[in-house]
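Student: From first to last, the protein sequence lines are chains A and B. According to the working numbering, the first sequence holds residues 1 to 369 in order. According to the working numbering, the second sequence holds residues 1 to 369 in order. Where a beta carbon is used, it is the ideal one built from N, C-alpha and C, also for glycine. Note that the structure is predicted; figures quoted are calculated from it, not measured. Here's a structure for you.
Number of protein chains: 2
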Amino acid sequence: MAQDGQRLDVVIPGVEASSYPITIGHGTLSGVWGEILQTWPKHNPFVVTDSELVKAGHLQTLVGAEKVPTFTIDPAGEVSKHIQTVVAIVERMEKECLGRDSIIVALGGGTVGDIAGFAAAIFKRGVPVIQIPTTTVAQADSSVGGKTGVDSSVSKNAFGAFWQPAAVYIDVATLTTLDDRQYRAGLIESVKHAAIMDAEYFGFFETNIDAILNKDMAVLEQIAATNCRIKADVVQQDPTEKNMRRILNYGHTIGHAVESASGFELLHGESVAIGMIAAGKLEKALGLADDDRLERITNLLVKLGMPIRIPADITKEKIIDLLRTDKKAVGKWPRFVLLESLGAALCRDGQWAHEVSQDMVERCLDELY
Amino acid sequence: MAQDGQRLDVVIPGVEASSYPITIGHGTLSGVWGEILQTWPKHNPFVVTDSELVKAGHLQTLVGAEKVPTFTIDPAGEVSKHIQTVVAIVERMEKECLGRDSIIVALGGGTVGDIAGFAAAIFKRGVPVIQIPTTTVAQADSSVGGKTGVDSSVSKNAFGAFWQPAAVYIDVATLTTLDDRQYRAGLIESVKHAAIMDAEYFGFFETNIDAILNKDMAVLEQIAATNCRIKADVVQQDPTEKNMRRILNYGHTIGHAVESASGFELLHGESVAIGMIAAGKLEKALGLADDDRLERITNLLVKLGMPIRIPADITKEKIIDLLRTDKKAVGKWPRFVLLESLGAALCRDGQWAHEVSQDMVERCLDELY
Numbered sequence: 001m002a003q004d005g006q007r008l009d010v011v012i013p014g015v016e017a018s019s020y021p022i023t024i025g026h027g028t029l030s031g032v033w034g035e036i037l038q039t040w041p042k043h044n045p046f047v048v049t050d051s052e053l054v055k056a057g058h059l060q061t062l063v064g065a066e067k068v069p070t071f072t073i074d075p076a077g078e079v080s081k082h083i084q085t086v087v088a089i090v091e092r093m094e095k096e097c098l099g100r101d102s103i104i105v106a107l108g109g110g111t112v113g114d115i116a117g118f119a120a121a122i123f124k125r126g127v128p129v130i131q132i133p134t135t136t137v138a139q140a141d142s143s144v145g146g147k148t149g150v151d152s153s154v155s156k157n158a159f160g161a162f163w164q165p166a167a168v169y170i171d172v173a174t175l176t177t178l179d180d181r182q183y184r185a186g187l188i189e190s191v192k193h194a195a196i197m198d199a200e201y202f203g204f205f206e207t208n209i210d211a212i213l214n215k216d217m218a219v220l221e222q223i224a225a226t227n228c229r230i231k232a233d234v235v236q237q238d239p240t241e242k243n244m245r246r247i248l249n250y251g252h253t254i255g256h257a258v259e260s261a262s263g264f265e266l267l268h269g270e271s272v273a274i275g276m277i278a279a280g281k282l283e284k285a286l287g288l289a290d291d292d293r294l295e296r297i298t299n300l301l302v303k304l305g306m307p308i309r310i311p312a313d314i315t316k317e318k319i320i321d322l323l324r325t326d327k328k329a330v331g332k333w334p335r336f337v338l339l340e341s342l343g344a345a346l347c348r349d350g351q352w353a354h355e356v357s358q359d360m361v362e363r364c365l366d367e368l369y
Numbered sequence: 001m002a003q004d005g006q007r008l009d010v011v012i013p014g015v016e017a018s019s020y021p022i023t024i025g026h027g028t029l030s031g032v033w034g035e036i037l038q039t040w041p042k043h044n045p046f047v048v049t050d051s052e053l054v055k056a057g058h059l060q061t062l063v064g065a066e067k068v069p070t071f072t073i074d075p076a077g078e079v080s081k082h083i084q085t086v087v088a089i090v091e092r093m094e095k096e097c098l099g100r101d102s103i104i105v106a107l108g109g110g111t112v113g114d115i116a117g118f119a120a121a122i123f124k125r126g127v128p129v130i131q132i133p134t135t136t137v138a139q140a141d142s143s144v145g146g147k148t149g150v151d152s153s154v155s156k157n158a159f160g161a162f163w164q165p166a167a168v169y170i171d172v173a174t175l176t177t178l179d180d181r182q183y184r185a186g187l188i189e190s191v192k193h194a195a196i197m198d199a200e201y202f203g204f205f206e207t208n209i210d211a212i213l214n215k216d217m218a219v220l221e222q223i224a225a226t227n228c229r230i231k232a233d234v235v236q237q238d239p240t241e242k243n244m245r246r247i248l249n250y251g252h253t254i255g256h257a258v259e260s261a262s263g264f265e266l267l268h269g270e271s272v273a274i275g276m277i278a279a280g281k282l283e284k285a286l287g288l289a290d291d292d293r294l295e296r297i298t299n300l301l302v303k304l305g306m307p308i309r310i311p312a313d314i315t316k317e318k319i320i321d322l323l324r325t326d327k328k329a330v331g332k333w334p335r336f337v338l339l340e341s342l343g344a345a346l347c348r349d350g351q352w353a354h355e356v357s358q359d360m361v362e363r364c365l366d367e368l369y
């Protein structure tokens, strides 16, 4: 594929300034700044990134010799995804005399995108944000859809807003500096997209697994483009997550509980991998699937180096407790997204999340130790 | 007018869940809670109010014997309109185990409405807010339109969002506990509405000035209803303030500068009164108005006890300096909203804010000492 890569237009119904382009390529990062200045000539750019990205040289690649006001989140990662980081960003912007004509450029993984996107949503009642995701998770997932959020001192994602980006630039070459465990775990959101929406895409993963593990640029571009198409398709149908968008939660209900129970020792993607296996067990128990389907999913996750069993030190009781406090829980017990077939989420009576008894969930969890 | 009062429906184009009712009456506050519980039976209410409202007995009137989780802003007023108050509200809601099915009920003046509205906009990516404005300013202005915002440690309204209320309940009887200076200054937003949009309404003010100063309930209800109709009309035409909504800024450009230069010794309405006189001088200087128009405006403002001259200790230079840093300034010198006639803002070439030279502004300011 050419360096100028692919371009996709996302339109969110009912949202003002609702169309935004996603540009995908490899080795394209150095050209992005020029394009930003050309596309938004009347806006004053402000970059939000993190210390890891600076260390990897990506900030330098983006802005080149230009002196651009920048906020570097330090330390990088979840620990900084806090409302006080957003307060610090806004106050820095004010000290740089930036106003309503600012545009925030978010360079980094999901955490940077969440923090910078939320800062953009609430700075002076909202300024545009450009997302430049640099991890497998962020490129697959968090840069499209407009969900932003940060933690309070009490809980995760207590603060947030729906804020669609003005544009998304994906350079898959930024993935080469990502550590291998993060890289592989980040691909699980893509496997999830395939499982719920696109059987052919699932086959693409199976066929190209070696190229994927070797970070083949052409294959990664194709993955990025397919992810964005699937995510955009779902988000366009349900921009504020009233119903159908819940299918993106496949594998996440049990996945979140396992991630939290591990004290975040397990990565998000690793936990979702376990959650997808658990969902597969539920589908079998409910008579929705044969053995073959779960086997294909399990085989792919194993090749990607994912855990497929719950670590012994995480008790079933702990997971059940956490499921009861799930943020999407209705009547204190969550509903579960399930597959109709590989490549299609199950919809019954217009609902995309389904009741499953606690008893059945417990029996499926028992099989995962 | 009957206790069940008047009802107005506001529809904001392009905004989801965009229609909301405004109910106006006197002595109606004690019935509002029952209506909230009936209209939003699946939501968990959380009240945000301030210590002055509690002292005046309005919180008690609203919730009666019910035990409702409440955040009381203390001290009341602008000093608490800070991002850290919003953080405290959100963390209190989390500690009360409130989630996405919360509804925030804002009982108070403009500051309470701004703080609570912004908290609603960003709690868990947004929950509904019900506005119960209790001051002349808030009833005329800040409860309709969806503008919310709080200050940072660097500047005013650094944080904010457009967040339309789910409903607005106005009980004009709450105005009887307001101190007289606040009451009168708060009416200036209503005079502004009349000046920019409704000549007949301006006449109503002139005719009923004694009843207004005596807080006649029927007249106050009529003022509240007319304000909401005018404000809703403007907001519906331009929900995110791209153009026409700027007319609501009439008198505010110079008004804000005077208010700020006084160190907030002058109330907002008092400053806007001076700003309206200044706008009238500009209109005369530009050949847009005869003497009679400014005289009528001046007479009404005087009867309402407003200052019509700039206090001697506020220098013209200070005002000019502040105008340069106006948040709406384009190219470092703001544009001004002007009147075409009493009851109609001036629109030229599709623009509602107009270029006026610094020289002319200075000459008009000179006349105001």
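#1: Under 8 Å by Cβ, that's how I've got residue 247 of chain A and residue 129 of chain A pegged, so tell me the actual separation to the nearest angstrom.
#2: The alpha helix (DSSP H) spanning residue 236 of chain A covers which residue range?
#3: So what does DSSP say about residue 303 of chain A, is it helix, strand or coil?
#4: Quick one: list the residues of chain B neighbouring residue 95 of chain A, beta-carbon separation under 8 Å, in chain order.
#5: Nearest to residue 145 of chain A by CA position, among A/365, A/235, A/109, is which residue?
#6: Hey, quick one: how far does the beta strand (DSSP E) through residue 149 of chain B stretch, first residue to last?
#7: Find the nearest neighbour of residue 320 of chain A within the set A/287, A/257, A/288, A/283, judged by alpha-carbon distance.
#8: Based on the DSSP secondary-structure assignment, which residues constitute the bridge partners of residue 160 of chain A?
#9: Starting from residue 73 of chain A, follow the beta strand (DSSP E) in both directions and report where the run begins and ends.
#10: Apart from the five residues on each side of it in sequence, which residues of its chain come closer than 7 Å, Cβ to Cβ, to residue 241 of chain A?
#11: Just curious, the alpha helix (DSSP H) that residue 46 of chain A is in, first and last residue?
#12: Should residue 40 of chain A and residue 62 of chain A be called a contact, given that it needs their Cβ atoms to be closer than 7 Å?
#13: Considering only residues of the same chain and omitting the five flanking positions on each side of residue 126 of chain A, which have a CB-CB separation below 8 Å?
#14: Ordered along the chain, which non-local residues of its own chain (more than five positions away) have a Cβ less than 7 Å from that of residue 4 of chain A?
#15: Using the Cα positions of residue 350 of chain B and residue 139 of chain A, report the straight-line distance between them to the nearest angstrom.
#16: Note the first and the last residue of the continuous alpha helix (DSSP H) segment covering residue 418 of chain A.
#17: Roughly how many whole angstroms lie between the Cα atoms of residue 83 of chain B and residue 244 of chain B?
#18: Does the segment 147–155 of chain A touch the segment 175–194 of chain B, meaning 3 or more C-beta pairs lie closer than 8 Å?
#19: Excluding the 5 residues preceding and the 5 following residue 237 of chain A in the sequence, name in chain order all residues of the same chain whose CB lies nearer than 6 Å to its CB.
#20: Anything in the segment 65–87 of chain B with a Cβ closer than 9 Å to a Cβ of chain A? List those residues in chain order, please.
#21: What does the alpha-carbon distance come out to for the pair residue 293 of chain B and residue 341 of chain B?
#22: Are the segment 199–207 of chain B and the segment 350–362 of chain B in contact at 8 Å, needing three or more beta carbon pairs?
#23: Less than 7 Å between CB atoms is the rule here; does residue 161 of chain A satisfy it with respect to chain B?
#24: Excluding the five sequence neighbours on either side, which residues of its own chain have a C-beta within less than 6 Å of the C-beta of residue 318 of chain B, listed in chain order?
#25: Would you mind stating whether residue 178 of chain B and residue 111 of chain B have Cβ atoms separated by less than 7 Å?
#26: Can you tell me whether residue 287 of chain B is buried or exposed, with buried defined as 16 or more other CB within 10 angstroms of its CB?
#27: Measuring only the C-alpha atoms, how far is residue 104 of chain A from residue 45 of chain A?
#28: Tell me, please, whether the CB atom of residue 245 of chain B is closer than 7 Å to any CB atom in chain A?
#29: Output the distance between the C-alpha atoms of residue 200 of chain A and residue 180 of chain A, rounded to the nearest integer angstrom.
#30: If you count every other CB in all the chains shown that lies within 10 Å of the CB of residue 315 of chain A, and 16 or more means buried, which is it?
#31: Would you mind sorting residue 152 of chain B into buried or exposed? The rule is 16 or more other CB atoms within 10 Å of its CB.
#32: What would DSSP say about residue 340 of chain B, mapped onto helix, strand or coil?
#33: Can you check which of these residues, A/35, A/53, A/229, A/191, is closest to residue 133 of chain A by C-alpha distance?
#34: Examine chain B for any beta-carbon lying closer than 7 Å to the beta-carbon of residue 92 of chain A, and answer yes or no.
#35: What is the DSSP secondary structure of residue 107 of chain B, counted as helix, strand or coil?
#36: Which same chain residues, not among the five before or five after residue 251 of chain A, have their C-beta less than 7 Å away from its C-beta?
Tutor: On the basis of the supplied data:
#1: Position 247 of the first sequence, counting from 1, holds the residue named residue 247 of chain A. Position 129 of the first sequence, counting from 1, holds the residue named residue 129 of chain A. 25 Å between Cβ atoms; not a contact.
#2: Translated into the one-based positions of the first sequence, residue 236 of chain A becomes position 236. From DSSP, the alpha helix (DSSP H) with residue 236 of chain A extends over 217–237.
#3: In the first sequence, residue 303 of chain A corresponds to position 303, counting from 1. Residue 303 of chain A: helix per DSSP, three-state reduction.
#4: Against the first sequence, residue 95 of chain A aligns to sequence position 95. The contacting residues are 154.
#5: Along the first sequence, one-based indexing puts residue 145 of chain A at 145. If we check each option's Cα against that of residue 145 of chain A, A/235 comes out closest.
#6: Position 149 of the second sequence holds residue 149 of chain B. Segment 147–150, the beta strand (DSSP E) holding residue 149 of chain B.
#7: Stepping through the first sequence from its first residue, residue 320 of chain A is reached at position 320. If we check each option's Cα against that of residue 320 of chain A, A/257 comes out closest.
#8: Residue 160 of chain A sits at position 160 when you count from the first residue of the first sequence. DSSP output for residue 160 of chain A lists A/149 as bridge partner(s).
#9: As a first step, residue 73 of chain A is located in the first sequence; it is residue number 73 there, counting from the start. Start and end: 70–73.
#10: Start at 1 with the first residue of the first sequence, and residue 241 of chain A comes out as number 241. Result list for residue 241 of chain A: empty, nothing under 7 Å.
#11: Translated into the one-based positions of the first sequence, residue 46 of chain A becomes position 46. Where residue 46 of chain A is concerned, there is no enclosing alpha helix (DSSP H), although the beta strand (DSSP E) it sits in stretches over 44–50.
#12: For this step, residue 40 of chain A is matched to residue 40 along the first sequence. For this step, residue 62 of chain A is matched to residue 62 along the first sequence. The answer is no: Cβ separation not under 7 Å.
#13: Within the first sequence, numbered from 1, the residue matching residue 126 of chain A stands at position 126. So the qualifying residues of the chain are 120, 163.
#14: Here residue 4 of chain A refers to the residue found at position 4 when the first sequence is read from its first residue. Legend: pLDDT at residue 4 of chain A = 47, less than 50; position of this residue unreliable, value from coordinates given subsequently. Excluding positions up to five away in sequence, the list reads 25.
#15: As a first step, residue 350 of chain B must be located in the second sequence, where it is residue number 350. As a first step, residue 139 of chain A must be located in the first sequence, where it is residue number 139. Each residue's Cα considered, the two are about 42 Å apart.
#16: Residue 418 of chain A is absent from the structure shown; chain A starts at 1 and stops at 369.
#17: To locate residue 83 of chain B, count along the second sequence from 1; it is residue 83. To locate residue 244 of chain B, count along the second sequence from 1; it is residue 244. Taking the straight line from one Cα to the other gives about 29 Å.
#18: no
#19: Numbered from 1 along the first sequence, position 237 holds the residue referred to as residue 237 of chain A. 244, listed in sequence order.
#20: 83, 84, 86, 87
#21: Indexing the second sequence from 1 puts residue 293 of chain B at position 293. Indexing the second sequence from 1 puts residue 341 of chain B at position 341. When rounded, the distance between both Cα atoms is 8 Å.
#22: no
#23: The count along the first sequence starts at 1 and reaches residue 161 of chain A at position 161. Chain B, which has a Cβ nearer than 7 Å to the Cβ of residue 161 of chain A, makes this yes.
#24: One-based indexing of the second sequence puts residue 318 of chain B at position 318. Contacts found: 261.
#25: Looking up residue 178 of chain B in the second sequence gives position 178. Looking up residue 111 of chain B in the second sequence gives position 111. Contact: no.
#26: As a working note, residue 287 of chain B is residue 287 in the second sequence. When all chains shown are included, residue 287 of chain B counts as exposed.
#27: By 1-based counting over the first sequence, the position of residue 104 of chain A is 104. By 1-based counting over the first sequence, the position of residue 45 of chain A is 45. Computed Cα separation, rounded: 6 Å.
#28: Along the second sequence, one-based indexing puts residue 245 of chain B at 245. Closer than 7 Å: no.
#29: For the purposes of this step, residue 200 of chain A is taken as the residue at position 200 of the first sequence. For the purposes of this step, residue 180 of chain A is taken as the residue at position 180 of the first sequence. Cα to Cα, residue 200 of chain A sits roughly 26 Å from residue 180 of chain A.
#30: Your numbering for residue 315 of chain A matches position 315 in the first sequence. That one is exposed.
#31: Along the second sequence, one-based indexing puts residue 152 of chain B at 152. Under this definition residue 152 of chain B is a buried residue.
#32: By one-based count along the second sequence, residue 340 of chain B stands at place 340. Three-state DSSP puts residue 340 of chain B in a strand.
#33: Position 133 of the first sequence, counted from the start, is the residue given in the question as residue 133 of chain A. Nearest option by C-alpha distance: A/53.
#34: Walking along the first sequence from the start, residue 92 of chain A turns up at place 92. By this cut-off, residue 92 of chain A is not an interface position.
#35: In the second sequence, counting from the first residue as 1, residue 107 of chain B sits at position 107. Of the three classes helix, strand and coil, the one that applies to residue 107 of chain B here is strand, per DSSP.
#36: For this step, residue 251 of chain A is matched to residue 251 along the first sequence. Counting only Cβ-Cβ distances below 7 Å, and skipping sequence neighbours, we find 192, 272, 275, 276, 279.
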